[in-house]
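Engineer: After the structure tokens below, expect a handful of questions from me.
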Amino acid sequence: MDNFTFYSPTYFVFGRGEEKRAGEMVKRFGGTKVLIHYGGGSAVRSGLIDRVKASLEGAGINYCELGGVKANPRSSLVYTGIDLVRSENVDFILAVGGGSVIDSAKAIAAGALYDGDFWDFYSGKAGIEKALPVGTVLTIAAAGSEGSGDSVITKEEGMYKRGAGGEALRPKFSILNPELTQTLPAYQTGCGITDIMAHLQERYFTNTDNVTTTDRMIEGLLLAMIDVGPVAIDNPADYEARANIMWAGMMAHNNSCGVGRSQDWNSHNIEHELSALYDCAHGAGLAVTFPAYISYVTKMAVSAIESGSQDEAIWERRLKRLSMWASRVWGVIPDGMSDEEVITEGIRRYRCFLKRIGMPLTLGEVGGSEADIDKLADTGCYGDGRSGYMYGFVKLSVDDVKAVYREMIM
Ligand code: NZQ
Ligand code: ZN
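Letter by letter, the sequence shown follows residues 41 to 450 in my numbering.
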């Protein structure tokens with residue numbers, strides 16, 4: 041296991057009706073003038089925004105509001121939010137919604153205290169040193185932004201979807217009421233489950249040895265999603281299934297499962313180009329991307345081993361890890377099978393599960409086409425100052441990334 045530091049200061053309030061404590065929580069963390077930030081309408085229609093406002097009023101806290109965050113949140117609304125925070129002397133941002141709303145809130149929180157263009161954080165030109173405090177009331181279990189120090193924003197000029205991170209972005213508190221997710225369409229529920237599983241797998245595919253504790257935590261959470269995911273799809277009102285998914289979403293991405301080990305994230309980088317170009321849901325893009333990526337990495341490993349690569353031992357270890365994922369998570373019994381056969385069967389079962397929860401499996405199903413592959417790979421590898429490669433569990437050249445996109449055509 042590698043050395044690590046882990047700072048996860050978010051105060052979680054979990055359970056039925058707990059959004060009524062929003063005012064109390066803002067007060068606890070020193071907010072006096074709040075920006076309530078929310079999305080395209082679901083939180084207004086459900087009455088949640090009114091309940092949050094009543095809670096703030098009950099605690100004697102002033103507020104202003106900014107709705108309209110789109111899924112795959114855009115830079116233009118972040119600039120609007122920064123101006124509003126400065127003109128209204130806001131000292132606390134309360135995100136009411138999903139990952140898109142929370143990420144937009146985090147970008148505003150960091151940008152408002154920065155003497156420059158907030159996009160510098162997302163293009164890698166500057167690191168985030170400070171941010172206004174952010175609290176969240178979560179309405180979809182998916183991105184894990186309620187416990188993470190990350191934020192992902194799309195810049196309209198060029199449609200670059202990029203992430204930024206920093207300890208200052210970790211929410212001060214997050215209110216997690218599983219009841220709030222009962223209004224989600226099955227498709228969004230499926231997208232959330234897929235994203236949660238992807239966050240776990242991005243950590244599972246590591247080149248660090250001797251990480252049994254976090255391996256087993258990840259496997260346990262993946263198995264939990266395989267158990268309860270279909271229950272929530274079939275019965276959206278099932279509180280217990282919703283509750284289990286909601287806590288898994290937080291655990292999958294606050295990095296308690298990712299400490300002390302190298303992580304992958306190639307699938308996320310490849311997917312972000314899909315949701316930037318086609319405006320598909322991030323989880324749907326991952327359902328298309330992740331199995332295709334594992335399939336391609338398996339081919340890379342087999343070919344490197346067969347050709348006697350000087351890194352043969354590293355590729356052998358990678359193949360063993362993929363095979364371990366297939367057998368421990370997807371229940372493939374490896375007797376008499378090669379690692380490649382075990383992994384191929386694991387990918388087949390993974391895709392069956394994704395289909396079961398209503399996810400797309402091909403590039404065409406998220407609006408893509410083969411004609412876009414060069415553009416997708418070039419933007420992902422070179423766009424906005426990138427180096428020409430993606431670095432994760434394996435190093436991918438532009439041609440490798442194109443090959444992963446081709447795996448999505450099937
Ligand atoms: O805007 P509204 O009307 O609220 O509709 C939303 C949106 O259309 C709807 N929704 C949310 N809660 C609902 C609901 N509809 C009915 N009932 C509810 N209770 O669901 C749609 C999706 O919401 P969104 O916030 O976009 O989903 P998610 O939480 O999956 O966030 C996706 C974004 O997070 C980024 C993704 O790239 C994407 O931009 N990510 C952020 C990460 C982070 N900050 O750590 C990590 C992730 O890997 C991810 O990249
Ligand atoms: Zn994700």
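For every residue, glycine included, the Cβ atom is placed at its ideal position computed from N, Cα and C.
1) Skipping 5 residues on each side, what residues in its chain have a beta carbon closer than 6 Å to that of proline 374?
2) Looking only at DSSP bridge pairs, what is serine 191 linked to?
3) With respect to 7 Å, is the separation between the Cβ of alanine 324 and the closest non-hydrogen atom of the ligand ZN below this value?
4) Kindly indicate which three-state DSSP category phenylalanine 330 falls into: helix, strand or coil?
5) Got a sec, what are the start and stop residues for the beta strand (DSSP E) threonine 176 sits in?
6) Per DSSP, which one or two residues make a beta bridge with glycine 137?
7) List the residues that DSSP assigns as beta-bridge partners of isoleucine 76.
8) In whole angstroms, what is the alpha-carbon distance linking isoleucine 215 and glycine 289?
9) Let me check one thing: in DSSP terms, what residues is tyrosine 431 bridge-paired to?
10) Under the criterion of a Cβ to heavy atom distance below 7 Å, does alanine 183 qualify as lining the ligand ZN?
11) Is the beta carbon of asparagine 217 closer than 8 Å to that of serine 302?
12) Can you grab the Cα-Cα spacing for the pair lysine 435 / serine 307, in whole Å?
13) Can you say whether glycine 376 is buried or exposed, counting buried as having 16 or more other CB atoms within 10 angstroms of its CB?
14) Between the alpha carbons of threonine 120 and valine 192, how many angstroms are there, rounded?
15) Three or more C-beta pairs under 8 Å: does that hold for the segment 228-244 against the segment 181-191?
16) Grouping DSSP H, G and I as helix and E and B as strand, with all else coil, what is serine 185?
17) Starting from the Cα of tryptophan 305, find the closest Cα among Pro225, Ile285, Gly432, Phe69 and give me that residue.
18) Give a yes or no on contact between the segment 313-328 and the segment 110-124, applying the rule of three or more CB pairs nearer than 8 Å.
19) With DSSP collapsed to three states, give me the class of isoleucine 373.
20) Span of the alpha helix (DSSP H) holding serine 296?
21) For phenylalanine 44 and glycine 151, I'd like the C-alpha separation in whole angstroms.
22) With leucine 216 as the anchor, note down where its beta strand (DSSP E) starts and where it stops.
23) How about arginine 389 and tryptophan 370: do their beta carbons lie closer than 8 Å?
24) Pick from Ile89, Ala332, Gly206, Ala99: whose alpha carbon is nearest that of glutamate 105?
25) Given a threshold of 16 other Cβ atoms within 10 Å of its Cβ, counted over all protein chains shown, does phenylalanine 213 qualify as buried or as exposed?
26) Any idea if aspartate 440 is buried or exposed, counting beta-carbon neighbours within 10 angstroms, 16 or more meaning buried?
27) Count the CB pairs spanning the segment 193-206 and the segment 165-176 that are closer than 8 Å, and state whether there are at least three.
28) By alpha-carbon positions, which one of Glu385, Phe46, Thr419 ends up nearest to glycine 189?
29) Determine the extent of the beta strand (DSSP E) in which valine 53 is found, giving its start and end residues.
30) Return yes when the Cβ of serine 127 is within less than 8 Å of the Cβ of aspartate 424, no when it is not.
31) I want to check one thing, is the minimum distance from the CB of glycine 137 to the heavy atoms of the ligand NZQ below 7 Å?
32) Considering only DSSP beta bridges, list what arginine 114 is partnered with.
33) Is DSSP giving threonine 402 helix, strand or coil here?
34) Could you check whether the Cβ of valine 299 sits closer than 7 Å to any heavy atom belonging to the ligand NZQ?
35) Alpha carbon to alpha carbon, what distance is there between glycine 230 and methionine 399?
36) Should lysine 60 and arginine 91 be called a contact, given that it needs their Cβ atoms to be closer than 8 Å?
Structural biologist: Taking the geometry as given:
1) Indexing the sequence shown from 1 puts residue 374 at position 334. So the qualifying residues of the chain are Ser367, Val382.
2) The sequence position of residue 191 within the sequence shown is 151, counting from 1. Looking at the DSSP output, serine 191 bridges to Ala204.
3) Taking the first residue of the sequence shown as 1, we reach residue 324 at position 284. Flag unset: Cβ of alanine 324 not near the ligand ZN.
4) Translated into the one-based positions of the sequence shown, residue 330 becomes position 290. Helix.
5) Locating residue 176 in the sequence shown gives position 136, where the first residue counts as 1. First-last of the beta strand (DSSP E) with threonine 176: 174-178.
6) Taking the first residue of the sequence shown as position 1, residue 137 is located at position 97. Answer by DSSP bridge pairing, in chain order: Leu178.
7) Within the sequence shown, the letter at position 36 stands for residue 76. Looking at the DSSP assignment, isoleucine 76 forms a beta bridge with Glu105, Leu134.
8) As a first step, residue 215 is located in the sequence shown; it is residue number 175 there, counting from the start. As a first step, residue 289 is located in the sequence shown; it is residue number 249 there, counting from the start. Taking the straight line from one Cα to the other gives about 13 Å.
9) To locate residue 431, count along the sequence shown from 1; it is residue 391. In the DSSP output, where bridge partners are listed per residue, tyrosine 431 has Lys435.
10) Here the question's residue 183 lines up with position 143 in the sequence shown. Checking every heavy atom of the ligand ZN against the Cβ of alanine 183, one is found closer than 7 Å.
11) The residue labelled residue 302 in the question sits at position 262 within the sequence shown. The residue labelled residue 217 in the question sits at position 177 within the sequence shown. It is not a contact, given that the beta carbons lie outside the stated cut-off.
12) As a working mapping, residue 435 is identified with position 395 in the sequence shown. As a working mapping, residue 307 is identified with position 267 in the sequence shown. C-alpha separation (whole angstroms): 12 Å.
13) Working through the sequence shown from its first residue, we reach residue 376 at position 336. Exposed.
14) By 1-based counting over the sequence shown, the position of residue 120 is 80. By 1-based counting over the sequence shown, the position of residue 192 is 152. Answer to the nearest angstrom: the Cα atoms are 17 Å apart.
15) yes
16) For the purposes of this step, residue 185 is taken as residue 145 along the sequence shown, with counting starting at 1. Reduced to three states, the DSSP call for serine 185 is coil.
17) Walking along the sequence shown from the start, residue 305 turns up at place 265. Of Pro225, Ile285, Gly432, Phe69, the residue nearest in Cα terms is Gly432.
18) yes
19) Residue mapping note: residue 373 aligns to position 333 of the sequence shown, counting from 1. The answer is coil: DSSP assigns isoleucine 373 none of H, G, I, E or B.
20) Residue numbering aside, residue 296 sits at position 256 when the sequence shown is read from its first letter. First-last for serine 296: undefined, no H or E at that position.
21) Numbered from 1 along the sequence shown, position 4 holds the residue referred to as residue 44. Numbered from 1 along the sequence shown, position 111 holds the residue referred to as residue 151. When the Cα atoms are used, phenylalanine 44 and glycine 151 turn out to be separated by approximately 28 Å.
22) Sequence index remark: in the sequence shown, residue 216 carries index 176 (1-based). Note, leucine 216: beta strand (DSSP E), 213-216.
23) Here the question's residue 389 lines up with position 349 in the sequence shown. Here the question's residue 370 lines up with position 330 in the sequence shown. One thing to note: arginine 389 has its Cβ within 8 Å of the Cβ of tryptophan 370.
24) Position 65 of the sequence shown, counted from the start, is the residue given in the question as residue 105. Considering only alpha carbons, the answer is Ile89.
25) The residue given as residue 213 occupies position 173 in the sequence shown. Burial call: buried.
26) Mapped onto the sequence shown, residue 440 falls at position 400. The residue in question, aspartate 440, is buried, as its Cβ has 16 or more Cβ neighbours within 10 Å.
27) yes
28) Within the sequence shown, the letter at position 149 stands for residue 189. When each option's Cα is compared against that of glycine 189, the closest is Phe46.
29) On the sequence shown, position 13 is the one that residue 53 refers to. Note, valine 53: beta strand (DSSP E), 51-54.
30) The residue you call residue 424 lines up with position 384 of the sequence shown. The residue you call residue 127 lines up with position 87 of the sequence shown. No. Outside cutoff.
31) Taking the sequence shown and counting its residues from 1, the one referred to as residue 137 is at position 97. Flag set: Cβ of glycine 137 near the ligand NZQ.
32) Working through the sequence shown from its first residue, we reach residue 114 at position 74. In DSSP, arginine 114 forms a bridge with Thr194.
33) Residue 402 sits at position 362 when you count from the first residue of the sequence shown. It is coil, neither helix nor strand.
34) Here the question's residue 299 lines up with position 259 in the sequence shown. The ligand NZQ has no heavy atom closer than 7 Å to the beta-carbon of valine 299.
35) Indexing the sequence shown from 1 puts residue 399 at position 359. Indexing the sequence shown from 1 puts residue 230 at position 190. Going by the C-alpha atoms only, they are around 6 Å apart.
36) For the purposes of this step, residue 60 is taken as the residue at position 20 of the sequence shown. For the purposes of this step, residue 91 is taken as the residue at position 51 of the sequence shown. Yes; because the gap between Cβ atoms is below 8 Å, this pair is in contact.
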